[in-house]
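Participant: This is the structure I want to talk about, given as structure tokens.
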Amino acid sequence: MADDHSTRGNYVKQGAEFNRDTQYIEDRILDDPQAHWPVEAGRYRLVAARACPWANRTMIVRRLLGLEDAISLGMPGPTHDARSWTFDLDPGGVDPVLGIERLQQAFFARFPDYPRGITVPAVVDVPTGAVVTNDFPQITLDFSSQWTRFHRAGAPVLYPESLRDQMDPVMRLIYTEINNGVYRCGFAGGQAAYEKAFDRLFTALDTIEERLTTRRYLMGDRITEADVRLFTTLVRFDAVYYSHFKCNRQRLADFPALWGYARDLFQTPGFGDTVDFQQIKEHYYIVHEDINPTGVVPTGPDLSGWLEDHGREALADDEPFGEGTPPGPPPADEVVPHAHSADAWAG
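Numbering (the working numbering), first residue to last: 2 to 348.
Following this line, the structure appears as structure tokens:
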């Protein structure tokens, strides 16, 4: 998301706690030919900036399920202006499928007076150029449940019905206390709000650290949607949140279980190969002008540790995807540049 704001640098309200606007376009694409938005290969385009953790999760799930041929991917650059995310990485600054310069145009094509922030991820109907949904928690669940006809052979079951009653509270904790918790720290408008947010965040991280001490993944032996949702915050933690958002009780690398778990996922096909560290840093340090008015983007930290052995296999008797298989390599036009990856630090 554009952090639920449509302007650059306007994130902190003096003296106040940060409260995220969670009113999204809740339309769903359903596996029903009579639905207003029916599942149809090639009809929809996922617009997802690599910099954004909420968008990153849709990119991971799309990769794991093998939906690249069914749902195309448009990638805005890491920064956005006062109007919206822009396609400045594409030739001529225009998305090659939608023919637009900024995501705002897809929102206005459906809602000419759309009053809220222009956020990623968003799914756009290619024939009309109109946004369908930007309801990021539902998008990935629908990729799992509604697009099964287009899943690759060996696609994992990321939201198994037998685990949903257990998964939903875990994912709720991850969202409220960790995914959104880092933002609550970073955008706190006063000392009291910051300290309250800081305590909430690290209480939750301690809870998850304990949980992961005895199990390889959040729900046991296999990767699920819950792991995707936690990973996109963890992979940004030391690079951005520790310093930029003042989440500095300790680094991710100082949590034995969480750090091993995060490396385990990063080295799993479909996770680390979607992560562009340079874009991540540029987004946070340039866009958040009220937190970092100089716009200076840090050179560090050293990212080579992401490629070190994690030793987490000893905690599981099963394969990471159960009866499923890892995805193949990403499409050529979706490969993260080497200079923006952990590989660049490893030599």
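Here a beta-carbon is modelled for each residue, glycine too, at the ideal position from N, C-alpha and C.
Taking only runs that begin and end inside the region 179-203, name each unbroken beta strand (DSSP E) of 3 or more residues, in chain order.
Facilitator: Those beta strand (DSSP E) runs which fall completely within the region 179-203 and span 3+ residues do not exist here.
Participant: Quick one: what does DSSP say residue 286 is sitting in, helix, strand or coil?
Facilitator: Helix.
Participant: Exposed or buried, residue 7, counting other C-beta atoms within 10 Å across all chains shown (16 or more means buried)?
Facilitator: Confidence in residue 7 is poor, its pLDDT being 37 and thus under 50, which makes the residue's placement too unreliable to answer from.
Participant: With DSSP as the reference, please indicate the residues paired to residue 103 in a beta bridge.
Facilitator: BP columns for residue 103 point to 87.
Participant: Using only CA atoms, which one of 346, 51, 177, 47 lies nearest to residue 204?
Facilitator: The residue with the shortest Cα to Cα distance from residue 204 is 177.
Participant: Check whether the Cβ atoms of residue 225 and residue 58 lie closer than 8 Å to each other.
Facilitator: The answer is no: Cβ separation not under 8 Å.
Participant: I'd like to check one pair, residue 262 with residue 308: are the Cβ atoms closer than 8 Å?
Facilitator: No, Cβ-Cβ distance for residue 308 and residue 262 is not below 8 Å.
Participant: Only counting runs of 4 or more residues, tell me where the alpha helix (DSSP H) segments fall wholly within the region 8-55, in order along the chain.
Facilitator: Runs of the alpha helix (DSSP H) inside the region 8-55: none found.
Participant: Please state whether DSSP places residue 336 in a helix, a strand or coil.
Facilitator: Looking at residue 336 - three-state DSSP - the assignment turns out to be coil, as it is neither helix nor strand.
Participant: So is residue 163 buried or exposed if we call it buried at 16+ other beta carbons inside 10 Å?
Facilitator: With fewer than 16 Cβ atoms within 10 Å of its Cβ, residue 163 is classed as exposed.
Participant: Going by beta carbon distance, what residues of the same chain come within less than 6 Å of residue 137, once the five residues before and after it are set aside?
Facilitator: Around residue 137: 55, 122.
Participant: Would residue 241 and residue 285 be called neighbours here (beta carbons separated by less than 8 Å)?
Facilitator: Taking 8 Å as the Cβ cut-off, residue 241 and residue 285 qualify as a contacting pair.
Participant: Under a Cβ-count criterion, where at least 16 other Cβ atoms within 10 Å of its own Cβ denotes burial, should residue 94 be classed as buried or exposed?
Facilitator: The residue in question, residue 94, is exposed, as its Cβ has fewer than 16 Cβ neighbours within 10 Å.
Participant: How would you label residue 336, buried or exposed, when you count the other beta carbons within 10 angstroms and need 16 or more for buried?
Facilitator: Counting Cβ neighbours within 10 Å, residue 336 comes out exposed, since fewer than 16 surround it.
Participant: Quick one: what does DSSP say residue 121 is sitting in, helix, strand or coil?
Facilitator: Here residue 121 sits in coil by DSSP.
Participant: Would you mind reading off the limits of the alpha helix (DSSP H) that contains residue 133?
Facilitator: Counting along the chain, residue 133 falls outside any alpha helix (DSSP H), though it belongs to the beta strand (DSSP E) covering 131-134.
Participant: Check each candidate in 339, 21, 96 and name the one with the smallest Cα separation from residue 117.
Facilitator: Ranking the options by Cα distance to residue 117, first place goes to 21.
Participant: Identify which residue in 128, 108, 228, 259 has its Cα closest to the Cα of residue 271.
Facilitator: Of the listed residues, the one whose Cα sits closest to residue 271 is 228.
Participant: As a quick exercise: from 135, 253, 75, pick the residue whose alpha carbon is nearest that of residue 304.
Facilitator: When each option's Cα is compared against that of residue 304, the closest is 253.
Participant: Below 8 Å on the Cβ atoms is my contact criterion, and I expect residue 187 with residue 282 to pass it. Report the Cβ-Cβ distance as a whole number of Å.
Facilitator: Not confirmed; about 14 Å, so no contact.
Participant: What are the partner residues of residue 1, as DSSP defines its beta bridges?
Facilitator: In this structure the chain extends from 2 to 348, so residue 1 is not present and cannot be described.
Participant: Residue 30 and residue 133 look like a contact to me (Cβ under 8 Å); what is the Cβ gap, rounded to whole Å?
Facilitator: The pair is a contact, with the Cβ atoms about 6 Å apart (cut-off 8 Å).
Participant: Buried or exposed for residue 280, please, with buried defined as at least 16 other CB atoms from any protein chain shown within 10 angstroms of its CB.
Facilitator: Buried: at least 16 other Cβ atoms inside 10 Å.
Participant: Could you spell out where the beta strand (DSSP E) holding residue 73 opens and where it closes?
Facilitator: Its beta strand (DSSP E) spans residues 73-75.
Participant: Tell me which same chain residues have a C-beta within less than 8 Å of the C-beta of residue 325, skipping the five on either side of it?
Facilitator: Same-chain partners within the cutoff: 155, 156, 157, 158.
Participant: Mapping DSSP to helix, strand and coil, what is residue 93?
Facilitator: Reduced to three states, the DSSP call for residue 93 is helix.
Participant: Leaving out five residues before and five after residue 142 in sequence, what residues of the same chain have Cβ atoms less than 8 Å from its Cβ?
Facilitator: Cβ neighbours of residue 142 beyond the five flanking positions: 160, 226.
Participant: Would residue 190 and residue 16 qualify as a contact pair, given that the criterion is a beta-carbon distance under 8 Å?
Facilitator: Yes, they are a contact pair.
Participant: Please report the straight-line C-alpha distance between residue 215 and residue 90, rounded to a whole angstrom.
Facilitator: So the alpha carbons of these two residues sit roughly 43 Å apart.
Participant: Taking 8 Å as the cut-off, decide whether the C-beta atoms of residue 103 and residue 87 are in contact.
Facilitator: Their beta carbons are under 8 Å apart, which means residue 103 touches residue 87 by this criterion.
Participant: When you compare each of 301, 255, 276, 289 to residue 210 by their alpha carbons, which one comes out closest?
Facilitator: Cα-wise, what sits closest to residue 210 is 255.
Participant: To the nearest angstrom, how far is the alpha carbon of residue 119 from that of residue 328?
Facilitator: Approximately 31 Å between the Cα atoms of the pair.
Participant: I'd like to check one pair, residue 75 with residue 98: are the Cβ atoms closer than 8 Å?
Facilitator: A contact, by the Cβ cut-off of 8 Å.
Participant: Going by the CB atoms, is the gap between residue 165 and residue 319 shorter than 8 Å?
Facilitator: Result no, Cβ atoms of residue 319 and residue 165 do not sit closer than 8 Å.
Participant: With a CB to CB cut of under 6 Å and the five nearest residues on each side skipped, what residues in its chain are close to residue 85?
Facilitator: Cβ within range, chain order: 103, 104, 105, 119.
Participant: If you measure between the beta carbons of residue 26 and residue 180, is that distance less than 8 Å?
Facilitator: No.
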